[in-house]
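If you're matching positions, the sequence shown starts at 932 in the numbering used here and goes up one per residue.
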Amino acid sequence: MTRPTTRIDAKFAELSAAGKKAFVTYVMAGDPDYDTSLEVVKGLPAAGVDVIELGLPFTDPMADGPTIQLAGQRALEAGMTLERTLQLARDFRKEDTTTPIVLMGYYNPIYSRGVETFLSDAKEAGIDGLIVVDLPPEEDSELCLPAQAAGLNFIRLATPTTDDARLPRVLQNTSGFVYYVSITGITGAAEAEAADVGPEVARIKAATDLPIIVGFGIKTPERAQTIASISDGAVVGSAIVAEIGAGKSPAEVLAFVKSLADGAHAG
932 MTRPTTRIDA
942 KFAELSAAGK
952 KAFVTYVMAG
962 DPDYDTSLEV
972 VKGLPAAGVD
982 VIELGLPFTD
992 PMADGPTIQL
1002 AGQRALEAGM
1012 TLERTLQLAR
1022 DFRKEDTTTP
1032 IVLMGYYNPI
1042 YSRGVETFLS
1052 DAKEAGIDGL
1062 IVVDLPPEED
1072 SELCLPAQAA
1082 GLNFIRLATP
1092 TTDDARLPRV
1102 LQNTSGFVYY
1112 VSITGITGAA
1122 EAEAADVGPE
1132 VARIKAATDL
1142 PIIVGFGIKT
1152 PERAQTIASI
1162 SDGAVVGSAI
1172 VAEIGAGKSP
1182 AEVLAFVKSL
1192 ADGAHAG
């Protein structure tokens, strides 16, 4: 399928040309409240973030550990909705028209809104890609293919249990990048180990030209550097969300993000 180039495609082409690794961050939209969340998201690019994953709050986040579950609860209690999440993206785009935003979450809120309406609204709000963790490749006609047709990347997760028989199916309609989940289990549960991740990244790279970004279990600048050195970049989510959950100010959160970004970019 021929697609228009997205901000995600452009960012990875730019990083590749410069010989740099990507640093991707996840934050929950609306955590702990709309204004604080927007301030943090607005500050991410200056802190060294190449791609922003914006979490869509949902009541039953099956793949997420306690840290991100609690962030979702805080956001929901503060009145966050799918519409307000898209509004946060719109407000971010008033000042930044280049940093890619990936909306990450679960299918239920999207289904409730209606796929066609959602894709139109997401595109208008400045969303560049989607990670929908509970839609397997067997359901590509549900959202993945319509999203690609609308000009959005659909980013798929590969995991340690994605064997060689399953991998082609996972990669078939994936675009933007592949998100390699470095551990089995939930977000924030364990640390990613380079000795385990390296061979898996090499195996996936043999099957696709897409960048391979590694996430789950990266909590320190040193670990971000190590993981980025054996892949195309690192994702940090729970460690940043934990700082927000601890009541740190946006400036403190962004200083921590910068330390992680410096690590990943040295990879």
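Cβ atoms here follow ideal geometry from the backbone N, Cα and C, with glycine treated the same way.
DSSP puts residue i in a beta bridge; with which residues?
| i | result |
| --- | --- |
| N1084 | G1060 |
| I1161 | None, per the DSSP bridge assignment. |
| L985 | V958, L1034 |
| G1146 | V1112 |
| A1089 | Y1111 |
| V1166 | V955 |
For residue i, name the three-state secondary structure that DSSP assigns.
| i | result |
| --- | --- |
| A1126 | helix |
| F1187 | helix |
| F954 | strand |
| I1114 | coil |
| H1196 | helix |
| N1104 | coil |
| R1134 | helix |
| T967 | helix |
| A1177 | coil |
| P1077 | helix |
| R1097 | coil |
| P992 | coil |
| L946 | helix |
| V980 | coil |
| K1054 | helix |
When the distance is taken between beta carbons, is residue j closer than 8 Å to residue i?
| i | j | result |
| --- | --- | --- |
| G1060 | P1031 | yes |
| D1027 | L969 | no |
| A1053 | L1034 | yes |
| G961 | L1019 | yes |
| V955 | P1181 | no |
| A1137 | G1194 | no |
| V1132 | Y1111 | yes |
What I want to know is whether the C-beta of residue i ends up closer than 7 Å to one or more non-hydrogen atoms of the ligand FAD.
| i | result |
| --- | --- |
| D1193 | Questions concerning the ligand FAD fall outside what the structure shown contains, since it holds no ligand whatsoever. |
Would you mind working out which of the options sits nearest residue i, comparing C-alpha positions?
| i | options | result |
| --- | --- | --- |
| N1084 | S1043, P1142, A1138 | P1142 |
| P988 | D981, L1007, A1138 | L1007 |
| V1175 | V1188, G1164, A1080 | Sequence check: residue 1175 is Ile here, not Val. Comparing Cα-Cα distances from I1175 to each of V1188, G1164, A1080, the minimum goes to V1188. |
| K1157 | T1090, S1106, A1186, E1122 | Looking at the sequence provided, one finds Thr at residue 1157 rather than Lys. Of T1090, S1106, A1186, E1122, the residue nearest in Cα terms is E1122. |
| F1147 | E1124, T1139, D1140 | E1124 |
| I1161 | I983, Y957, G1129, L1066 | G1129 |
| Y965 | A1002, G996, D940 | A1002 |
| A1089 | I1144, D1163, S947, G1036 | I1144 |
| V1063 | V1046, E1069, R1087 | R1087 |
| G1107 | Q1079, R1154, F1049, G1057 | Q1079 |
| E984 | P1040, E1055, I939 | I939 |
| P1068 | A1126, A1186, D981, L1098 | L1098 |
| A953 | A1165, A1186, V1184, V1172 | A1165 |
| S1190 | R1044, A1177, V1167 | V1167 |
| L1017 | D995, Q1004, S1051 | S1051 |
| K1179 | T967, A948, Q1004, E1055 | T967 |
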